[in-house]
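**Q** Pasting a structure here, questions to come.
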DNA sequence: AATACAAGCGCG
DNA sequence: AAAGCGCGCTTGTATT
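Numbering (this note's numbering), first residue to last: -10 to 581.
Quick look at the structure:
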């Protein structure tokens, strides 16, 4: 790396300071790179550059801090810029993530086509996946788009910002798009912060849980005692001391030999057979799963320092949900939740939204009957109370079936009753399914659109319409159309729920940042210099959050969590009469 | 030996 | 007890 000339150690202002002062408080500032330096562009309402500054990247944290909390930093990609700024101890309050913005706007049906086309043309987003999908490609859609880059040089950053700004301003629903971009960008900041802060994790509790379930930690390469014992019991029941339990084909053959004629080794199917081998085998599978997914090796690799730090991937799911990579953050088994444990003198505020997706569906469809059923704490009980179905379990299955597109089984059987009781809500998901089946694009409440049907999908549909089409072609086409219909049916609901959750998080993040810090002795050092000093979000999973907070602030945090949920509701749905009740607990650990 | 795929199971 | 959306991860097997 090149050393910077002394002159670069201080910000060099190119525009006279007077103009800069006038511009600074209200205007967005773009960050770009030139060699090893960062370039800062202050942009006016007319999108003209008011000021151009330059500093070394090492000084960026200080520059951000000096600029104050009212600036919205516009940059190519939060994952590229924010970690190093945060590492110097500075929180960025607002940003505009151009990569995420591009991914949203280039495909949104709310953006006028000429603007969307301009965005697509400017950045060759999917250059490497432009060829028609190979015949073997099973995916219905491709999320690679979201991970491609926006260039970092000043001209490109400014040009992309201008394109995105114009795309939004040209849209009749610009208020929604602005909200979506702001929420998505706040999520990008939070994802970096969650990784830095980490989930407080008790090695002691985790080891105790493993010991209880599996026995003492075995030598490397050996199976734990409890697993070995169960394997013996299973092999005895199979009448084969050498039976292999970890290879599906071999296990299936062994099962067949003792009369268990299952088609697969999945546990739901195995559970249907009445044979002495079943119970110990299911227990064996459960324990080996715990061992391989979240055993001692996982603990050593992911939570050794008292924090679990997964990498969150905002926008990583087509619907707008977050994905994660590393450590399986989205799959922490409930069994291990007691290991999520606050530091000494700290508490956890654990909150999840009750039935988020059906509530969101009620609001977006304007279905006041469903909203009425949701008025109490439990939406499913509300449906039972309206006499639509007779048990809570039926209400749940029916509603999930309606949102997922179930056609058979208990779920499919109950959907018609729901359709009669809540015609507006059901019409919304049915319409989304119909559009998907025809190859169309659907859009969430704030403007995230589903990916269009790919070339392979169209090819399958076209083949079924040819004169020489076989029954198999037609069946294939119909199935593929319905698959896509179920996807778009769920997309609008899951995607809007993700938007609600982002709005909740973004608002809460702001409230937590405003909370007081604690003195040195009361800090949680493992959460880092910034978050170890105050209440901070520690975990997020679709509709639930965990805040790690100094014990004295727990009540205030709980109020903030509730207030933010209420705020998210009005931000998205205005005065529509619907609340989003939380199940909220203040506790030392995250177990139920 | 390296890579791709499918099954299975964890989460919402 | 599951058949219907969205994921990530591990394991064993098949492919190269």
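Backbone N, C-alpha and C fix where the C-beta goes; we use that ideal spot for every residue, glycine too. Owing to the predicted nature of the structure, the values given are computational and were not obtained by experimental measurement.
(1) Using only CA atoms, which one of 219, 263, 236, 238 lies nearest to residue 272?
(2) Using 8 angstroms for Cβ pairs, my map puts residue 431 next to residue 346. What's the rounded Cβ distance?
(3) Between which two residues does the beta strand (DSSP E) harbouring residue 575 extend?
(4) Using only CA atoms, which one of 529, 528, 542, 532 lies nearest to residue 522?
(5) With a threshold of 16 other CB atoms inside 10 Å of the CB of residue 256, please say whether the residue is buried or exposed.
(6) Compare the C-alpha of residue 422 against each of 393, 31, 409, 495 and name the closest.
(7) Exposed or buried, residue 48, counting other C-beta atoms within 10 Å across all chains shown (16 or more means buried)?
(8) I'd like the list of long-range same chain contacts for residue -4, defined as Cβ closer than 8 angstroms, with 5 residues on each side in sequence excluded.
(9) Got a sec, what are the start and stop residues for the beta strand (DSSP E) residue 337 sits in?
(10) Checking 8 angstroms against the spacing of the C-beta atoms, do residue 60 and residue 18 come in under that value?
(11) Buried or exposed: where does residue 548 fall if 16 or more other Cβ atoms within 10 Å of its Cβ makes it buried?
(12) When you compare only the Cα positions, how much space is there between residue 365 and residue 324?
(13) One question on the structure: do residue 520 and residue 352 come within less than 8 angstroms of each other, judged by their Cβ atoms?
(14) Where does residue 408 sit, in a helix, a strand or coil, going by DSSP?
(15) Taking DSSP as the reference, what is the three-state secondary structure of residue 197?
(16) Which term fits residue 208, buried or exposed, when burial requires 16 or more other beta carbons within 10 angstroms of its beta carbon?
(17) Check residue 143 in the structure and name its three-state DSSP category.
(18) Quick check: the Cα distance between residue 441 and residue 472, rounded to an integer number of angstroms?
(19) Measure the C-alpha to C-alpha separation of residue 239 and residue 206 and round it to an integer number of angstroms.
(20) Taking the straight line between their C-alpha atoms, what separation do you get for residue 282 and residue 111?
(21) What residue does the alpha helix (DSSP H) around residue 519 start on, and which one ends it?
(22) Suppose contacts are defined by Cβ-Cβ distances below 8 angstroms. Is residue 485 in contact with residue 349 by that definition?
(23) Quick check on the burial criterion: 16 or more other C-beta atoms within 10 angstroms. Buried or exposed for residue 36?
(24) Mapping the DSSP letters down to three states, classify residue 23 as helix, strand or coil.
(25) Measuring alpha carbon to alpha carbon, tell me which of 34, 106, 388, 550 ends up nearest residue 339.
(26) Which residues in the same chain have their Cβ closer than 7 angstroms to the Cβ of residue 463, if we skip the five residues on either side of it in sequence?
(27) Can you give me the C-alpha to C-alpha distance between residue 95 and residue 433, rounded to a whole angstrom?
(28) Which first and last residues belong to the beta strand (DSSP E) in which residue 472 is found?
(29) Output the residue ranges of the alpha helix (DSSP H) runs that lie fully inside the region 28 to 69 and measure 4 residues or longer, sorted by chain position.
(30) Is residue 274 buried or exposed, if buried means 16 or more other CB atoms sit within 10 Å of its CB?
(31) Apart from the five residues just before and just after residue 395, which ones in its own chain have a Cβ nearer than 8 angstroms to its Cβ?
(32) Whole angstroms are fine: how far does the CA of residue 363 sit from the CA of residue 357?
(33) Helix, strand or coil for residue 89, going by three-state DSSP, please let me know.
(34) Please report how far the alpha carbon of residue 99 lies from the alpha carbon of residue 192, in whole angstroms.
(35) Once DSSP output is grouped into helix, strand and coil, what is the label at residue 379?
(36) Tell me the DSSP secondary structure of residue 313 in three-state form.
**A** On the basis of the data shown:
(1) Indexing the first chain from 1 puts residue 272 at position 283. Closest by alpha carbon: 219.
(2) By 1-based counting over the first chain, the position of residue 431 is 442. By 1-based counting over the first chain, the position of residue 346 is 357. Rounded, the Cβ-Cβ distance is 15 angstroms, inconsistent with contact.
(3) Residue numbering aside, residue 575 sits at position 586 when the first chain is read from its first letter. Unbroken beta strand (DSSP E) run through residue 575: 571 to 576.
(4) The residue you call residue 522 lines up with position 533 of the first chain. Comparing Cα-Cα distances from residue 522 to each of 529, 528, 542, 532, the minimum goes to 542.
(5) The residue labelled residue 256 in the question sits at position 267 within the first chain. Residue 256 comes out exposed.
(6) Position 433 of the first chain holds residue 422. For the residues 393, 31, 409, 495, the minimum Cα distance to residue 422 belongs to 393.
(7) Position 59 of the first chain, counted from the first residue, corresponds to residue 48. Residue 48 comes out buried.
(8) Within the first chain, numbered from 1, the residue matching residue -4 stands at position 7. No answer about residue -4 holds up, because its pLDDT of 31 lies below 50 and its placement is not dependable.
(9) Here residue 337 refers to the residue found at position 348 when the first chain is read from its first residue. Per DSSP, residue 337 belongs to the beta strand (DSSP E) from 335 to 342.
(10) The count along the first chain starts at 1 and reaches residue 60 at position 71. The count along the first chain starts at 1 and reaches residue 18 at position 29. A contact, by the Cβ cut-off of 8 angstroms.
(11) Your numbering for residue 548 matches position 559 in the first chain. Exposed: under 16 other Cβ atoms inside 10 Å.
(12) In the first chain, residue 365 corresponds to position 376, counting from 1. In the first chain, residue 324 corresponds to position 335, counting from 1. The alpha-carbon atoms of residue 365 and residue 324 are separated by roughly 29 angstroms.
(13) Position 531 of the first chain holds residue 520. Position 363 of the first chain holds residue 352. No, they are not a contact pair.
(14) Position 419 of the first chain, counted from the first residue, corresponds to residue 408. Residue state, collapsed to three classes: helix.
(15) Taking the first chain and counting its residues from 1, the one referred to as residue 197 is at position 208. DSSP places residue 197 in helix when its eight states are reduced to three.
(16) Residue mapping note: residue 208 aligns to position 219 of the first chain, counting from 1. So residue 208 counts as exposed.
(17) For the purposes of this step, residue 143 is taken as the residue at position 154 of the first chain. If DSSP states are grouped into helix, strand and coil, residue 143 belongs with the helices.
(18) As a first step, residue 441 must be located in the first chain, where it is residue number 452. As a first step, residue 472 must be located in the first chain, where it is residue number 483. For residue 441 and residue 472, the distance between alpha carbons rounds to 14 angstroms.
(19) Taking the first residue of the first chain as 1, we reach residue 239 at position 250. Taking the first residue of the first chain as 1, we reach residue 206 at position 217. If you take the alpha carbons of residue 239 and residue 206, they lie about 28 angstroms apart.
(20) For the purposes of this step, residue 282 is identified with residue 293 of the first chain, where counting begins at 1. For the purposes of this step, residue 111 is identified with residue 122 of the first chain, where counting begins at 1. In a straight line, the C-alpha of residue 282 is about 43 angstroms away from that of residue 111.
(21) Here residue 519 refers to the residue found at position 530 of the first chain. Per DSSP, residue 519 belongs to the alpha helix (DSSP H) from 517 to 520.
(22) Indexing the first chain from 1 puts residue 485 at position 496. Indexing the first chain from 1 puts residue 349 at position 360. Closer than 8 angstroms, so yes.
(23) The residue you call residue 36 lines up with position 47 of the first chain. Residue 36 should be labelled exposed.
(24) Along the first chain, one-based indexing puts residue 23 at 34. In this structure, residue 23 counts as strand in the three-state DSSP scheme.
(25) Within the first chain, the letter at position 350 stands for residue 339. Closest option to residue 339, Cα to Cα, is 550.
(26) Translated into the one-based positions of the first chain, residue 463 becomes position 474. Excluding positions up to five away in sequence, the list reads 453.
(27) To locate residue 95, count along the first chain from 1; it is residue 106. To locate residue 433, count along the first chain from 1; it is residue 444. So the alpha carbons of these two residues sit roughly 15 angstroms apart.
(28) If you number the first chain from 1, residue 472 lands on position 483. First-last for residue 472: 460 to 502, but that is the alpha helix (DSSP H), not the beta strand (DSSP E).
(29) 49 to 56
(30) Within the first chain, the letter at position 285 stands for residue 274. Its Cβ being crowded by 16 or more others within 10 Å, residue 274 is buried.
(31) Within the first chain, numbered from 1, the residue matching residue 395 stands at position 406. Excluding sequence neighbours, residue 395 sits near 389, 401, 404.
(32) Locating residue 357 in the first chain gives position 368, where the first residue counts as 1. Locating residue 363 in the first chain gives position 374, where the first residue counts as 1. So the alpha carbons of these two residues sit roughly 9 angstroms apart.
(33) By one-based count along the first chain, residue 89 stands at place 100. Looking at residue 89 - three-state DSSP - the assignment turns out to be helix.
(34) For this step, residue 99 is matched to residue 110 along the first chain. For this step, residue 192 is matched to residue 203 along the first chain. About 48 angstroms.
(35) Reading the first chain from its first residue, position 390 is the one you call residue 379. Coil, per DSSP.
(36) Here residue 313 corresponds to residue number 324 of the first chain, with the count starting at 1. Note: residue 313 maps to strand in three-state DSSP.
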